[in-house]
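Under mature numbering (1 follows the signal peptide of the UniProt record, and there is no 0), the residues of the sequence shown are numbered -22 to -1, 1 to 221, in order. Structure first, then comments.
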Amino acid sequence: MTARLVAVVVLALVAASGFVLAARVRTVGDTTALHTLPAPERLTIDDEEGDVAVVAEARDDVLVETRSRWTGARPAARVAAGGDVLRLTGRCDRLDVRLVASRDWRWGSECAVSYRVRVPVGLDVRVSTGTGDVRLVGLAGAIDAEAHDGDVTAVGLRSPHVTLRATGAGAIRARFAAVPGAVDARAEGGAVRLALPPGRYHLSADAPRGRTWIGAGIDADPAGRSTVGASAGDGDVTVEAAR
């Protein structure tokens, strides 16, 4: 019997008996770490990997919650602050191969790192992610947000100036609780959907490969005091009244 045939027989016996064959001993974890920082005049968040949520609260400092979830190898997650720059680093870089009783091969450890950054309501925020989604909640300061490989979602915004970018295949969805002064939302590979308080806006909407739809209650008026630009390179653009 050849070595290859022996290996096949052993794997078949292990799978039939209901045992799990793993490349190494697996562990399961779910942890949350907290970091409190003084609030700067303007906060820049640089996130290499992982989802990040920026949530406005009645506070005068910045609280960073880092959540790591994994099976197998624990991810490397770091929070580093210097001046007004907050760098978030999370990596899941080990490969795990296992044969389970269902006779399915599963490649890769389950691994995720996410961040929730709690900030003062009126703080100006710039946030950028390499791989991961951006979520903004209740902010009232100026916003500049970009997701290179993920979605950008915003709710309850009262910000005067908002710039949103999704440079990969992600979409942009933003809902405003107050009339903004200027909004620029651009998605290269996904759709753009904006919900604004009813009113007149100096509005431009562009969707070369999709459709544009302006809802009732939103008046496109060059004399509008608020400037709103929305473009989707490969998706639809929707501008509607917030309800």
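Quick reminder that beta carbons are idealized off the backbone N, C-alpha and C, glycines included. This one's a predicted model, so the numbers in the text were calculated from it and none came from an experiment.
Item: Just curious, the beta strand (DSSP E) that residue 122 is in, first and last residue?; Value: 121 to 125
Item: Rounded to a whole number of angstroms, what is the C-alpha to C-alpha distance between residue 105 and residue 172?; Value: 19 Å
Item: What residue ranges within the region 28 to 65 form continuous alpha helix (DSSP H) runs of no fewer than 4 residues, ordered along the chain?; Value: none
Item: As an exercise, report each continuous beta strand (DSSP E) stretch of at least 3 residues that is fully enclosed by the region 118 to 165, in chain order.; Value: 121 to 125, 130 to 135, 139 to 144, 150 to 154, 160 to 165
Item: Are the beta-carbon atoms of residue 209 and residue 156 separated by less than 9 Å?; Value: no
Item: When the Cα atoms are used, what is the spatial distance from residue 206 to residue 149?; Value: 17 Å
Item: Is the separation between the beta-carbon of residue 177 and that of residue 202 shorter than 9 Å?; Value: yes
Item: What is the DSSP secondary structure of residue 11, reduced to helix, strand or coil?; Value: strand
Item: For residue 183, which three-state DSSP category applies?; Value: strand
Item: Would you verify that the beta carbon of residue 31 is, or is not, closer than 9 Å to some beta carbon of chain B?; Value: Annotation note: the requested chain B is absent from the structure, which comprises a single protein chain.
Item: Which residues mark the beginning and the end of the beta strand (DSSP E) in which residue 207 is found?; Value: 204 to 210
Item: Just verifying my parser: in three-state terms, what is the DSSP assignment at residue 105?; Value: strand
Item: Contact defined as beta carbons within less than 8 Å: I believe residue 117 pairs with residue 42. What is the distance between those atoms, to the nearest angstrom?; Value: That pair is no contact at about 16 Å.
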